[in-house]
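By the count of the working numbering, the sequence shown reaches residue 1735 at its end, each step adding exactly one.
Ideal placement from N, C-alpha and C gives every residue a C-beta, glycine not left out.
The structure appears right after this line, and notes come after that.
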Amino acid sequence: MNILLIAPPVFDFYNTPHRMEPLGLLYIQKALRNEGHRAEIYDATASGKVKKQQTPPELAYLSEFYEEDRSPFSLHNGYKRFGDSFNAICGHVSQNNYDIIGISSLFSAYHPDVENLTAEIKKVFKGPVVIGGTAVNAQKETMMKTTNADYLIHGSGTVPMVQFVKAVSGMIPFDKVDGLIYRDGEKITINEASKEPAWSGGLIPDREHLRIFRKKRLAKTVFSSGCRNRCAFCSIHRDNAFMHRNISHIRLELEHLLRTGAQIVDIEDDDIFSDPDFARELLDLLEHFHKSGLEFTALNGLTAKNIVPFAGRLNDAGFIKLDLSLVSGSKTVSDELGRPHGTYEIEQIQKTVKGKMDIEVFIIPGLPGTTFPKTLETMVYLYKKGIKCGLSPLYLVPGVPMFEKAGIPEDLRLCRGSALYPFSPEERATVASLLKISRFLNYCLTDKNALSSENRIYFNRSLSRNQWFKRSGEDKWLDSFRFHEKFQNPFKLD
Ligand code: SF4
1242 MNILLIAPPV FDFYNTPHRM EPLGLLYIQK ALRNEGHRAE IYDATASGKV
1292 KKQQTPPELA YLSEFYEEDR SPFSLHNGYK RFGDSFNAIC GHVSQNNYDI
1342 IGISSLFSAY HPDVENLTAE IKKVFKGPVV IGGTAVNAQK ETMMKTTNAD
1392 YLIHGSGTVP MVQFVKAVSG MIPFDKVDGL IYRDGEKITI NEASKEPAWS
1442 GGLIPDREHL RIFRKKRLAK TVFSSGCRNR CAFCSIHRDN AFMHRNISHI
1492 RLELEHLLRT GAQIVDIEDD DIFSDPDFAR ELLDLLEHFH KSGLEFTALN
1542 GLTAKNIVPF AGRLNDAGFI KLDLSLVSGS KTVSDELGRP HGTYEIEQIQ
1592 KTVKGKMDIE VFIIPGLPGT TFPKTLETMV YLYKKGIKCG LSPLYLVPGV
1642 PMFEKAGIPE DLRLCRGSAL YPFSPEERAT VASLLKISRF LNYCLTDKNA
1692 LSSENRIYFN RSLSRNQWFK RSGEDKWLDS FRFHEKFQNP FKLD
């Protein structure tokens, strides 16, 4: 069989290109190749193309926040397509003789664009099209009712895709394909998901398009699946059992990545280092490979509690950056959300690593239970500790009770973080302002001259007049959006 797996382009105001390597599809590709199939990946964002797009009407309300601004407290500017056009993808499909097409859909908010792509592909391709990924996990039956694809797969896709190819070839019935969702006349059938994680069977994927991070070639990997924590806003523990890979397989993969030319390995686990024995073995291995030149990141975020006991080893193991997820600095909120740690663990880690690597701590403004003044207080606390603070705007995950209760919008595009949803206009301006403040605080941590610059003057003026300034292309300071919240100026707290 000749199979094409598509990692689609992304449509949003921003993107993180170094995190776009389609790891899930790479595992599926390897599993299919091991079965003797021809499996190719169309990695749409690998080209690095960025094209401005018309903002969809449902996101037009964001234009007052996302505008041209050259100041260090600017937000995004303009809606874009990151990756190849649908025409380029469909042209590739038409020129090749594929038997099956699989498309990944990893984020509910981007799923409408995946459906649009699928509709275009169906015009030029008559074989079966299947969509899989976390967006499917979130909506299974609802999605099947409206999808342009012929089939969906929920849960991990590696084992199911091999089974699916067999079912299409008539070797096994469709009800024997794990996680398959399909129409049987009027009826929608949802098969039980595969229990095997994406990396099962010791797969070591072939690499083609490594991304670039800090001018070095970066490859993504995972050493485990699932998470043992139960945070109220997260779907990871719902969809994946916790399992970790065999250390000898990890060794083989790191050897393979070194040979492939990777310089940084980004460990995308959700719960790395939660098992102390495994963590010790893993750190020995990372240290060994660091001596051969590999460096490591965990850009998906590390659980601070897990790494406190090992923080002293992270530098020797080759970690160049620590992304720590805090979510909220409030102990009450953290406890209510089921978070495994708070600011204490972050302080412990900072003390231990002693500035040998960058630390960035992520919090989520607007999460139910949090307040905006408390969010600012946490941002200022981190700033004073010299720690960069990343604000991750709230994104809604269908099927997660906390968000279902708050109301999942009918238009899934609004679920993305950049949509600043589901806030009232007043709250939205507050969240956008917090994003600006965090940008400026980080700028002050990295630029020695920031506090004496003209930028600071206009930042201060913006806060005191409750209306932002923006810096135009002609270097003029112009009015931007207003906000109601009375923010205490972080620089007056010294
Ligand atoms: S620690 Fe992270 S991955 Fe685990 S449940 Fe909480 S948010 Fe999800």
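Can you tell me whether residue i sits near ligand 1, meaning its C-beta is under 8 Å from at least one heavy atom of the ligand?
i     : result
C1630 : no
T1544 : yes
D1512 : yes
F1474 : yes
I1477 : yes
S1566 : yes
P1581 : yes
C1656 : no
N1378 : no
R1680 : no
R1458 : no
C1331 : no
R1471 : yes
Against chain D, does residue i count as a neighbour if the rule is that its beta carbon must be under 9 Å from one of theirs?
i     : result
L1661 : Included in the structure is just one protein chain, with no chain D present.
To the nearest angstrom, how far is it from the Cα of residue i to the Cα of residue j?
i     : j     : result
G1289 : E1427 : 42 Å
D1735 : Y1622 : Residue confidence is low: D1735 scores 48 on pLDDT, short of 50, so the model does not pin down where it sits. No coordinate-derived value is stated.
I1628 : L1686 : 8 Å
L1675 : L1617 : 7 Å
P1663 : N1730 : 26 Å
V1334 : F1405 : 20 Å
Y1302 : F1454 : 33 Å
I1282 : F1728 : 48 Å
Y1255 : T1544 : 25 Å
V1672 : G1658 : 11 Å
L1719 : R1697 : 15 Å
P1258 : F1306 : 22 Å
I1394 : T1584 : 39 Å
Y1684 : L1692 : 9 Å
L1655 : A1350 : 6 Å
D1518 : L1563 : 21 Å
A1287 : N1547 : 33 Å
M1598 : D1310 : 30 Å
S1679 : G1373 : 35 Å
G1640 : A1647 : 11 Å
P1297 : A1329 : 21 Å
H1531 : G1553 : 15 Å
F1348 : V1403 : 23 Å
G1396 : W1440 : 13 Å
P1786 : L1300 : Examination of residue 1786 is not possible in this model, given that the chain is present from 1242 through 1735 alone.
R1580 : R1471 : 7 Å
V1371 : A1360 : 12 Å
D1354 : F1644 : 22 Å
Whole-angstrom Cβ separation of residue i and residue j, contact assumed at under 8 Å?
i     : j     : result
A1670 : F1613 : At roughly 11 Å, the Cβ-Cβ gap does not stay under 8 Å, so A1670 and F1613 are not in contact.
K1461 : D1507 : 5 Å
Y1339 : F1314 : That pair is no contact at about 48 Å.
L1632 : P1606 : 6 Å
S1566 : F1603 : 5 Å
Does DSSP classify residue i as helix, strand or coil?
i     : result
Q1708 : strand
F1196 : Outside the displayed range of the chain (1242 to 1735) lies residue 1196, so it cannot be described from this structure.
M1261 : coil
C1630 : strand
I1513 : coil
L1424 : Note on residue identity: the sequence assigns Arg, not Leu, to residue 1424. Residue state, collapsed to three classes: strand.
S1192 : Any answer about residue 1192 is impossible in this case: the structure gives the chain only from 1242 up to 1735.
E1601 : strand
L1734 : The predicted position of L1734 is uncertain, since its pLDDT is 49 and thus under 50; a value taken from the coordinates is nonetheless stated next. L1734 falls in the coil class under three-state DSSP.
S1693 : helix
Q1281 : For the sequence presented, residue 1281 should be read as Glu rather than Gln. Residue state, collapsed to three classes: strand.
F1644 : helix
R1274 : helix
M1412 : coil
P1401 : helix
Using 8 Å as the threshold, is the region 1414 to 1432 in touch with the region 1478 to 1486, meaning 3 or more CB pairs across them?
-> no
Meets three-Cβ-pair contact criterion under 8 Å: the region 1242 to 1250 and the region 1271 to 1282 = Contact between the region 1242 to 1250 and the region 1271 to 1282 is present, because at least three Cβ pairs lie under 8 Å.
Touching by the beta-carbon criterion (3+ pairs, under 8 Å), the region 1439 to 1453 and the region 1261 to 1268 | yes
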